[in-house]
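Note sheet for the following structure.
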Ligand SMILES: Cc1ncc(COP(=O)(O)O)c(C=O)c1O
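In this note's numbering, the protein residues as written are 1392 to 1814.
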């Protein structure tokens, strides 16, 4: 088993006081903190090999290209994707939101006939259906809702059980022969529940639909293998997996990436461009990476991926599972309700909660005054809050550096909220 106390020491930001208390960071679902190796990798890149990739003939450009492509391979290994020239299944984007918009835009372009016969499998028309769930982050809901509006397709969704799990056993009813796209989260950023993907993916493929996974909250916390999950596309962000901001990834099964038309246009994605003829686009992943890439950040994200694999994703999952068990004791406090499963299986240490009679912003401020960082608001997931009859909530979420002391500090603070507000 990895030494998680030593791992925590690798995060310089955690060694500080906030409002006179040692910092307790319980907001990793929003963004994770960064270990020294990741911070150093970005710094080292700028000090030694900074240059544009895939274009210069000079030595620095060759080195930065090599570092960029090596990072892509490291990220691919973390999620069980293929890598190596001509086999790449990882596209670099600006983040999960950008990855999901890339896909929705590309499907929209296919619906206009772009990409020719190969892209017809992604095309939507009036009468077709796109399926999401009530647990989706707005970064899934809104791009696909917009795609439905642009193509005349209808948006349908999976409902949730009382404790907020996606009702995967309804896959045969919700996904119909008219369904063309299914876009579902692997783990809700509110309930922390892991989706029972197998029946949903199987049903999507049975009717010939494309399955898109939002892997933002799974890749940082669990062993994830996109081939084994049999998903067609997946999106996630580097900044939630101990990497830099400004970078995300889109996984696509190679044959699907080859068939997908581009979504943004510009330099570095075109083989041939003329004034009087259509352009000839590059093969993936370059076809989807128009413009100058965030090379230093991608290189550092590759370091983050290797760093996570070196600890072992099973070890990370086991560590956070134990912490989640402690966090769930929030539900034992008088007046606190957990939004999501109370039992500690098929869930991660992301625990949203409501304190009866106290506005989440007041709860957050009271807890922050004790040096404890949690998230308050709707967490960009309004439909799931409506499911629980709320507009907003408080959320504590774990990372590899979270300790039992962190959770105990939160439990102690949360236990005093209602009395502090005179309830
Ligand atoms: C489940 C989920 N999906 C999508 C996103 C969007 O990620 P980003 O803001 O990094 O693009 C988030 C981020 O909070 C998330 O938690």
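C-beta: ideal position from N, C-alpha, C; glycine also.
- Query: Excluding the five sequence neighbours on either side, which residues of its own chain have a C-beta within less than 8 Å of the C-beta of residue 1590, listed in chain order?
  - Reply: 1559, 1560, 1562
Quiz prompt | Cut-off 7 Å between Cβ atoms - residues of its own chain near residue 1682, not counting five sequence neighbours on either side | solution = 1657, 1658, 1659
Just checking residue 1582 against ligand 1 - is the residue's beta carbon closer than 6 Å to any of the ligand's heavy atoms?
no
Over the uninterrupted beta strand (DSSP E) stretch that includes residue 1817, give me the two end residues.
Look at the range of the chain in this structure, 1392 to 1814, and you will see that residue 1817 is not part of it.
Does residue 1490 come out as helix, strand or coil in the three-state DSSP assignment?
helix
Rounded to the nearest angstrom, what separates residue 1485 and residue 1493 at their Cα positions? 10 Å
Open item on the list: Which of the three DSSP states is assigned to residue 1404 in this structure?
Closed with: helix
Start and end of the alpha helix (DSSP H) containing residue 1758? 1751-1759
C-beta contact flag for residue 1459 and residue 1754 at 7 Å: no
> Going by other Cβ atoms of all chains shown within 10 Å of its Cβ, with 16 needed for buried, is residue 1671 buried or exposed?
Replying inline: exposed
Segment limits, beta strand (DSSP E) that includes residue 1545: 1545-1549
Beta carbon of residue 1509, beta carbon of residue 1600: below 7 Å?
no
Just to confirm, does residue 1408 get its C-beta within under 6 Å of one of the non-hydrogen atoms of ligand 1? no
*Which residue from 1418, 1633, 1402 puts its Cα closest to that of residue 1741?*
1418
- [ ] Note down the Cα distance separating residue 1466 from residue 1616, rounded to an integer number of angstroms.
- [x] 12 Å
Whole angstroms are fine: how far does the CA of residue 1488 sit from the CA of residue 1573? 16 Å
Q.
Given 6 Å as the limit, tell me if residue 1636 has its C-beta closer than that to any heavy atom belonging to ligand 1.
A. no
Exercise. Kindly indicate which residue of 1567, 1709, 1685 has the alpha-carbon position closest to the one of residue 1639.
Key: 1685
Review point. To the nearest angstrom, how far is it from the Cα of residue 1568 to the Cα of residue 1549?
Key: 16 Å
Query raised in the report: Do residue 1776 and ligand 1 come close, with the Cβ less than 6 Å from some heavy atom?
Result: no
Spatial neighbours of residue 1433 within its chain, please: CB distance less than 8 Å, with the 5 preceding and 5 following residues excluded, ordered by chain position. 1635, 1687, 1688, 1690, 1691
Residue 1627 vs residue 1428 beta-carbon contact at 7 Å
no
| Tell me the DSSP bridge mates of residue 1483? | 1640
* **Run of the alpha helix (DSSP H) containing residue 1737, from where it starts to where it stops** => Premise fails: residue 1737 is in no alpha helix (DSSP H) and is neither H nor E.
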